[in-house]
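Student: Be aware that the sequence shown starts at 1, since it is given in my numbering, and climbs by one per residue.
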Amino acid sequence: MTSRVPRWLRVTLPAVLILVWLVGASVGGPFFGRIDEVSSNDRTAYLPETAEATEVQERLSGFTEGDAIPALVVFVAPDELSDDDLAAIGDRLTAVGDLDVVDGDVSPAIPSDDGVAAQAFVPLSGDADVGEATAELREVLAQDLPDGVDLYVTGPAGFSSDLVAAFAGIDGLLLGVALAAVLIILIIVYRSLLLPLAVLATSMFALCVALLTVWHLANSGVLLLSGQTQGILFILVIGAATDYALLYVARFREELLHTPDKWTATLRALRGSVEPILASGGTVIAGLLCLLFSELRSNSTLGPVAAVGIAFSMLAALTLLPALLLAFGRAAFWPRRPVYDPAAAESGALETGLWGRVSRAIRARPRTIWITTAAVLALGCVGITQLQASGVPQSELVLGQSEARDGQERLAEHFPAGSGSPVYVIAPQEDLQRAADVLLADDGIEGVAVTADTPSNTAPVTEDGVQPFGPPGSPAPEPVVSDGAVLLQGTLGDAADSLAAEETVRDLRAAYADELPAALVGGESATDLDTNDASIRDRTVIVPIVLLVILVILMLLLRAVLAPVLLILTTVLSFGTAMGVSALVFNDVLGFPGADPAVPLFGFVFLVALGIDYNIFLMTRVREESLVHGTREGVLRGLRLTGGIITSAGLVLAATFTALAVIPVLFLVQLAFIVAFGVLLDTFLVRSLLVPALTYDIGRAVWWPSKLGRGRQ
Numbered sequence: 001m002t003s004r005v006p007r008w009l010r011v012t013l014p015a016v017l018i019l020v021w022l023v024g025a026s027v028g029g030p031f032f033g034r035i036d037e038v039s040s041n042d043r044t045a046y047l048p049e050t051a052e053a054t055e056v057q058e059r060l061s062g063f064t065e066g067d068a069i070p071a072l073v074v075f076v077a078p079d080e081l082s083d084d085d086l087a088a089i090g091d092r093l094t095a096v097g098d099l100d101v102v103d104g105d106v107s108p109a110i111p112s113d114d115g116v117a118a119q120a121f122v123p124l125s126g127d128a129d130v131g132e133a134t135a136e137l138r139e140v141l142a143q144d145l146p147d148g149v150d151l152y153v154t155g156p157a158g159f160s161s162d163l164v165a166a167f168a169g170i171d172g173l174l175l176g177v178a179l180a181a182v183l184i185i186l187i188i189v190y191r192s193l194l195l196p197l198a199v200l201a202t203s204m205f206a207l208c209v210a211l212l213t214v215w216h217l218a219n220s221g222v223l224l225l226s227g228q229t230q231g232i233l234f235i236l237v238i239g240a241a242t243d244y245a246l247l248y249v250a251r252f253r254e255e256l257l258h259t260p261d262k263w264t265a266t267l268r269a270l271r272g273s274v275e276p277i278l279a280s281g282g283t284v285i286a287g288l289l290c291l292l293f294s295e296l297r298s299n300s301t302l303g304p305v306a307a308v309g310i311a312f313s314m315l316a317a318l319t320l321l322p323a324l325l326l327a328f329g330r331a332a333f334w335p336r337r338p339v340y341d342p343a344a345a346e347s348g349a350l351e352t353g354l355w356g357r358v359s360r361a362i363r364a365r366p367r368t369i370w371i372t373t374a375a376v377l378a379l380g381c382v383g384i385t386q387l388q389a390s391g392v393p394q395s396e397l398v399l400g401q402s403e404a405r406d407g408q409e410r411l412a413e414h415f416p417a418g419s420g421s422p423v424y425v426i427a428p429q430e431d432l433q434r435a436a437d438v439l440l441a442d443d444g445i446e447g448v449a450v451t452a453d454t455p456s457n458t459a460p461v462t463e464d465g466v467q468p469f470g471p472p473g474s475p476a477p478e479p480v481v482s483d484g485a486v487l488l489q490g491t492l493g494d495a496a497d498s499l500a501a502e503e504t505v506r507d508l509r510a511a512y513a514d515e516l517p518a519a520l521v522g523g524e525s526a527t528d529l530d531t532n533d534a535s536i537r538d539r540t541v542i543v544p545i546v547l548l549v550i551l552v553i554l555m556l557l558l559r560a561v562l563a564p565v566l567l568i569l570t571t572v573l574s575f576g577t578a579m580g581v582s583a584l585v586f587n588d589v590l591g592f593p594g595a596d597p598a599v600p601l602f603g604f605v606f607l608v609a610l611g612i613d614y615n616i617f618l619m620t621r622v623r624e625e626s627l628v629h630g631t632r633e634g635v636l637r638g639l640r641l642t643g644g645i646i647t648s649a650g651l652v653l654a655a656t657f658t659a660l661a662v663i664p665v666l667f668l669v670q671l672a673f674i675v676a677f678g679v680l681l682d683t684f685l686v687r688s689l690l691v692p693a694l695t696y697d698i699g700r701a702v703w704w705p706s707k708l709g710r711g712r713q
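Right, here's the structure in full:
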């Protein structure tokens with residue numbers, strides 16, 4: 001084989017591959033610091049275009065100045081605010097009106113009924129960095145405030161700023177923790193330093209090139225990026241690329257025992273690794289692309305973004321890593337260099353060590369093992385009934401300290417809880433009063449105003465119509481009219497991000513459907529409602545699509561029907577256990593307020609797609625061994641040959657997803673636990689015991705209806 005390959009090609013080809021990846025990583029590396037240029041955490045941008053909240057958001061610019069992000073400023077004193085206090089607060093508000101980050105008129109301070117607090121609205125420019133703009137606003141407001149007066153910046157701008165701050169460590173801290181965890185595991189597995197560095201280089205080069213590609217796609221408007229998507233991309237690429245690398249390294253090491261020539265070992269290792277790696281990566285990509293059926297763009301855009309990452313992970317594992325190992329040869333494994341020894345190569349399939357003991361146990365009692373394992377997993381599924389995944393308030397999205405959340409709580413103590421984030425109703429100009437009457441009739445609405453040309457930009461509306469603004473006897477102001485419509489604002493009695501506020505929006509939409517079908521209801525609460533409804537719909541639609549797509553891929557890969565069906569069922573069982581245990585941990589141990597409806601969907605997509613990976617690694621080797629030794633012996637040999645490497649891969653993937661928990665965002669922390677716990681279940685129970693024991697018990701019939709199903713047991 002080697003004689004037909006010129007020596008210059010054996011040197012040039014790996015050198016060219018390494019150089020190409022080095023250039024790609026060098027170009028893509030600097031984009032880690034530029035990702036926020038093309039990312040957005042604006043929730044409305046991810047809603048379906050047909051969502052009512054989206055329609056309202058698009059029409060707001062006709063009533064307000066620009067695309068400003070409202071900041072709600074709350075001042076709270078220990079005692080009643082004096083006239084001097086209010087004057088000082090007014091001076092501060094006047095000062096912020098001159099800031100470049102402020103886009104529009106700053107409202108005057110509105111005292112609370114008890115006189116202890118005051119609130120004001122500051123429109124921040126939509127073009128400014130919301131985190132920096134909020135910090136600048138806070139700095140100016142805090143200057144020369146009266147002693148004892150506490151300042152809080154909350155509302156949409158405040159919560160967005162908190163979210164930006166939470167994602168601030170995504171480039172450095174998240175990557176650092178993930179890479180450190182993977183490096184430690186690899187050093188323990190290989191007891192080498194050079195080989196772990198080669199594997200990590202493969203992961204990082206894949207991530208750099210993937211990020212370069214995604215950045216340009218987002219910059220051209222093809223994709224939407226958020227901090228959440230960015231974090232998942234980082235973890236997914238590192239975890240998947242490392243897993244594929246582990247599979248190739250194991251096969252390369254095995255072939256070095258069979259042949260003295262590293263070029264021959266490389267070609268054989270590639271032949272043995274290409275099919276399972278492509279099948280595994282293809283399965284994950286197919287599962288991720290099923291998210292394109294999502295109505296929520298935050299879900300649908302994650303699919304292609306993550307798929308790009310998986311594609312480069314596979315490419316790096318099948319090109320860069322083989323080139324690096326070919327260049328290093330046996331030295332890559334120093335100080336435990338594999339020596340050419342065909343007899344030692346066969347020892348991996350013998351009944352020795354941990355996996356030898358496991359295989360002997362499966363041979364002795366296969367039915368007892370798979371029934372017991374399935375029963376334990378089924379018991380864990382019971383907790384899924386306790387999962388609270390109907391949505392969480394925006395104020396709970398960021399874990400730990402949050403000025404916006406504290407400000408929202410103080411606001412609710414002195415004003416209607418929904419102040420600063422009203423329900424928006426766009427209605428025909430001639431139906432202004434009818435639209436206002438529907439708002440006034442709802443128990444969840446504390447007051448109604450219409451956008452008007454007044455110093456405060458609004459005018460109150462009662463059952464008697466638009467009320468005068470100014471001294472008694474002043475004429476009622478004229479509402480702002482855009483495309484023949486007016487904008488009404490309803491002050492919520494409940495916090496705008498609460499489930500109660502969402503129910504108020506739902507009730508209002510039902511009332512308008514009966515009374516005034518032309519009216520549209522939007523705002524922060526409506527955005528939350530439409531997001532949760534779309535997410536629940538996505539979960540219902542996408543889950544069966546993912547299962548069907550992966551089932552078809554497995555049937556094509558294994559050339560069978562029964563084995564893929566069993567693999568899908570075992571993976572779904574594992575997912576149910578992971579969700580059940582997670583629900584109990586979230587509710588009773590960590591005390592989380594609930595979960596976003598997308599958490600189960602993302603958990604399902606990742607666990608099913610990634611969990612199937614390990615079954616693919618196992619069953620492709622089992623099928624290979626079964627062709628030579630028969631099905632039952634092939635199961636045991638396949639388990640012994642892949643046990644160590646798949647367990648290492650599972651530990652790596654669990655560790656990388658656990659790293660997501662360093663980002664203090666509820667969604668990512670929950671996803672980290674679900675996927676990490678689920679991967680460990682797949683690694684140590686499903687793939688190590690349930691699947692091998694079940695396959696061994698069924699025997700050759702597991703390959704039905706292929707020819708292999710009619711071979712030796």
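Quick reminder that beta carbons are idealized off the backbone N, C-alpha and C, glycines included.
Computed from a predicted model, the values in this text were never measured in an experiment.
1) For Leu681 and Gln429, I'd like the C-alpha separation in whole angstroms.
2) For Pro468, which option in Pro30, Val450 and Ala598 has the closest C-alpha, if you only look at C-alpha atoms?
3) What whole-angstrom Cβ distance do Ser359 and Leu636 have, given they're in contact under 8 Å?
4) Under DSSP, the alpha helix (DSSP H) around Ala128 begins and ends at which residues?
5) Would you call the region 182-195 and the region 107-114 in contact, with 3 or more CB pairs under 8 Å?
6) So, with DSSP's three-state summary, where would you put Thr301?
7) Counting pairs of Cβ atoms below 8 Å between the region 52-63 and the region 517-529, do you hit three or more?
8) Give me the Cα-Cα distance between Leu440 and Ser482, rounded to the nearest whole angstrom.
9) Using the Cβ count rule (16 or more neighbours within 10 Å means buried), how would you classify Ala513?
10) Is Leu163 closer than 8 Å to Val398 when the C-beta atoms are compared?
11) What number of angstroms, rounded off, separates the C-alpha of Thr695 from the C-alpha of Glu633?
12) Rounded C-beta distance between Ser421 and Gly155? I'm assuming under 8 Å.
13) Comparing C-alpha positions only, which one of Asp129, Pro78 and Val561 sits nearest to Ser706?
14) To test your reading of the DSSP string, which unbroken beta strand (DSSP E) runs of 3 or more residues are found completely within the region 281-341?
15) Just to confirm, are Tyr152 and Val96 a CB contact at a threshold of 8 Å?
16) Under a CB-based cut-off of 8 Å, is Asn587 close to chain D?
17) When you compare the region 238-252 with the region 263-282, are there three or more beta-carbon pairs, one atom per stretch, that lie closer than 8 Å?
18) Compute the Euclidean distance between the alpha carbons of Gly383 and Val38, then round it to the nearest angstrom.
19) My output table needs one value for Ser273: the three-state DSSP class, helix, strand or coil.
20) Hey, is Ser582 close to the ligand HEM, as in C-beta under 7 Å from one of its heavy atoms?
21) For Arg509 versus Glu295, is the C-beta distance shorter than 8 Å?
22) Mapping DSSP to helix, strand and coil, what is Asn118?
23) Secondary structure at Asp431, three-state DSSP: helix, strand or coil?
24) Please name the residue in Leu93, Thr134, Leu685 and Pro593 whose C-alpha comes closest to that of Asp144.
25) What three-state label does DSSP hand Gln230 in the structure shown?
26) Would you please state the rounded distance, in angstroms, between the beta carbons of Thr229 and Leu141? I believe it to be under 8 Å.
27) Note down, one range per segment and in chain order, each alpha helix (DSSP H) of at least 4 residues found wholly within the region 167-233.
28) Have a look at Ala118, Asp114 and Leu137 and flag the residue whose alpha-carbon is nearest the alpha-carbon of Ser125.
29) What does DSSP give as the partner residue(s) for Ala68 in the beta ladder?
30) Which one of Leu195, Asn219 and Val237 has the shortest CA to CA distance from Cys208?
31) In the DSSP assignment, the alpha helix (DSSP H) including Ala534 goes from what residue to what residue?
32) Look up Val438 in the DSSP assignment and say whether it is helix, strand or coil.
33) Thinking just about the alpha-carbon of each residue, which of Phe121, Ile285 and Ser161 is nearest to the one in Val546?
34) When the Cα of Leu573 is compared with those of Phe167, Leu379 and Ala316, which residue comes out closest?
35) Straight-line CA distance for Arg793 to Trp263?
36) Is it the case that the region 593-608 contacts the region 659-674, given that we only count it when at least three CB pairs across the two stretches are under 8 Å?
Tutor: To lay it out plainly:
1) Per the coordinates, the alpha-carbon of Leu681 lies some 60 Å from the alpha-carbon of Gln429.
2) Nearest to Pro468 by alpha-carbon distance, out of Pro30, Val450 and Ala598, is Val450.
3) The pair is a contact, with the Cβ atoms about 4 Å apart (cut-off 8 Å).
4) Run containing Ala128: none; DSSP gives neither H nor E here.
5) Between the region 182-195 and the region 107-114, the count of C-beta pairs closer than 8 Å stays below three; the two stretches do not touch.
6) Coil at Thr301, not helix or strand.
7) Judged by Cβ distances under 8 Å, the region 52-63 makes contact with the region 517-529, as three or more pairs qualify.
8) Across the structure, Leu440 and Ser482 are spaced so that their CA atoms are roughly 23 Å apart.
9) It counts as exposed.
10) Taking 8 Å as the Cβ cut-off, Val398 and Leu163 qualify as a contacting pair.
11) If you take the alpha carbons of Thr695 and Glu633, they lie about 11 Å apart.
12) So it is a contact: roughly 6 Å between Cβ atoms.
13) Taking the Cα of Ser706 as reference, the smallest distance to any Cα among Asp129, Pro78 and Val561 is reached at Val561.
14) Within the region 281-341, no complete beta strand (DSSP E) run reaches 3 residues.
15) Against a cut-off of 8 Å, the Cβ pair of Val96 and Tyr152 comes out as no contact.
16) Considering every chain present, this structure includes no chain D. It has just one protein chain.
17) Taking 8 Å as the limit for Cβ pairs, the verdict is that the region 263-282 does touch the region 238-252.
18) Taking the straight line from one Cα to the other gives about 40 Å.
19) Three-state result, Ser273: helix.
20) In the structure shown, the ligand HEM is absent, as is every other ligand, since no ligand is present at all.
21) No, these two residues do not count as a Cβ contact at 8 Å.
22) The residue you asked about is not Asn; residue 118 is Ala in the sequence shown. Correct three-state label for Ala118: strand.
23) In this structure, Asp431 counts as helix in the three-state DSSP scheme.
24) Here the closest residue by C-alpha is Leu93.
25) The answer is helix: DSSP assigns Gln230 an H, G or I state.
26) Contact between Thr229 and Leu141 does not hold, since their C-beta atoms are separated by about 33 Å, which reaches or exceeds 8 Å.
27) Unbroken alpha helix (DSSP H) runs of no fewer than 4 residues, entirely contained in the region 167-233, are found at 175-190 and 194-219, following chain order.
28) Here the closest residue by C-alpha is Leu137.
29) The partner list for Ala68 (beta bridge, DSSP) is empty, contrary to what the question assumes.
30) Proximity to Cys208 across Leu195, Asn219 and Val237 peaks at Val237, based on C-alpha coordinates.
31) According to the DSSP assignment, Ala534 belongs to the alpha helix (DSSP H) that extends over Glu524 to Leu558.
32) Here Val438 sits in helix by DSSP.
33) In terms of CA proximity to Val546, Ile285 leads the group Phe121, Ile285 and Ser161.
34) Checking every option, the nearest Cα to that of Leu573 belongs to Leu379.
35) Any question about residue 793 goes unanswered here, given that the chain covers just 1 to 713.
36) Contact holds: three or more Cβ-Cβ distances are below 8 Å.
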